[in-house]
Every structure is written in C-alpha cells, then in structure tokens.
Amino acid sequence: MPAEKKKPRGMSRREFLKGVGSGVIGAAALSGSGLLSREAQAELLGPPAESVAGPQTIQLKINGKLRSVEVEPRTTLLSAIRNRLDLTGTKEVCDRGQCGACTVLVEGKAVLSCMMLALDAREKDITTVEGLSEGGELSPVQQAFVEKDGLMCGFCTPGLVVASAALLAENPDPTLEEIKVGLSGNLCRCGTYPKVFEAVQQAAKTMRKGG
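Quick note: the sequence shown uses the numbering used here, first residue 1, plus one each step.
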C-alpha cells in the first residue's frame, strides 16, 4: 500500500518556539537580567495565536510609526526589522537568543527580537535603537556611550544601549552591581564592559538631572 500522505499544516507560534529548544530566550533567562524571563515574555505575548500558513501582511508599530510589512509565520521580529523595514541598527549576531545584540523594546521591556515572531509583535509598541533619539539628538544613553567610548567593534552596542535604556527606565539610580546584573544578558566579545558601565552611570546622572 502506498504510504499515507500527511496533510500540510501551518506552524503555530508555540510549536516554533518549542522547536528552538530550551534556550527560547537564551540569555534572558539569567537571574536578574534586564531582559524578560521566559514567563514574562509569555505574558507579554498573550494567548497563543491560531495557526497560520503562507505570507501575511501585517502592521508593526516601530518607533511610533505604523509600518506595513509582509512576513511568513516563521519570520522573526529581528528579520522583519532588518530585512523588511531596513532598520539595521538592531544586529543579528548569534540568532539563538544568547548574545543580546538584537535587543529591542516591546511595550517598554527589553526583548530579544530574534526569539520573537513578527506576528506576535502586532499591536505592540516596538522601539529599536534608532527610535531612542528624538529630533536628531542622541538620547542620554546614546550620548553617554559616545562620551565614555563604550564600544569597540560595535556589533553589541545597539543591544547594550537599548538594554541600558530599559534598565534606567525601571531603575533611575542603579548601583554598579545592579547595572552589571541588568546587562548580564548582553554579551560584549571585545570586553569593553567597564566603559559600558561608566556610560550607564553617566546616563543615569544626566537623566536624573532632567537631561
């Protein structure tokens, strides 16, 4: 007898995330990290979406603007941001949720965009590193990274800047230890952590003064 043919079906978000293994949000699972825990990200995403198949045209609210973009069910938020919307500040480095280079803000919370589906980002307020500046002026965090030379190769820098902004939004006056813990989900292979920590401390002072 001929083998029974299986009917093709769409892949649900839950099936996709299950397929990437226990590192679904990678470094975000680190205790105390500024990135969302697995449970917190699930709460942010809301209930599982119905299975879908084929390309979908959706709207994403990126940096305060609604953008229409065509994505497949498997398309990550990172891929949509970089490859569909040409916002290349958000970096693709590990693509496994381990390094933090792709960090963006979703509803004000630091999220690894390589571990979030674009379909799940609908109706969410998303901010990339480009959206932190206003009126052509750098944000206090961005300015502090420049002044303190908190970068070397630059691949990790956008993620660190976004994660730092999220940290200071929740804790305007962090201790050095709190900064280290808050950025523990972001990897800098060049080892410029001391300068990064100095930048966050300076940004915190500037922001507390109303800068």
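The beta-carbon is built from N, C-alpha and C at its ideal position, and this holds for glycine as well. As the structure is a prediction and not an experimental result, all values here were calculated from the model.
The residues 60, 69, 71 and 118, in chain order, have a CB closer than 7 Å to that of residue 80 in the same chain once the five nearest residues on each side in sequence are set aside. In the same chain as residue 171, and ignoring 5 residues on each side of it, the C-beta atoms closer than 8 Å to its own belong to 178 and 182, in chain order. By the neighbour-count definition (other C-beta atoms within 10 Å, threshold 16), residue 190 is an exposed residue. Distance from the Cα of residue 87 is smallest, within the candidate group 137, 151, 73 and 158, for 158. Going by DSSP, residue 67 is part of the beta strand (DSSP E) stretching over 65-71. Counting only unbroken stretches of 4 or more residues, the alpha helix (DSSP H) elements lying wholly within the segment 121-172 are 140-147 and 157-170, in sequence order. If you look at residue 180, you'll find it in the alpha helix (DSSP H) that goes 176-182. With a cutoff of 7 Å on beta-carbon distance, residue 141 and residue 111 are scored as not near each other.
One Cα belongs to residue 100, the other to residue 203, and the distance between them is close to 20 Å. Under the three-state reduction of DSSP output, residue 209 falls in the coil class, being neither helix nor strand.
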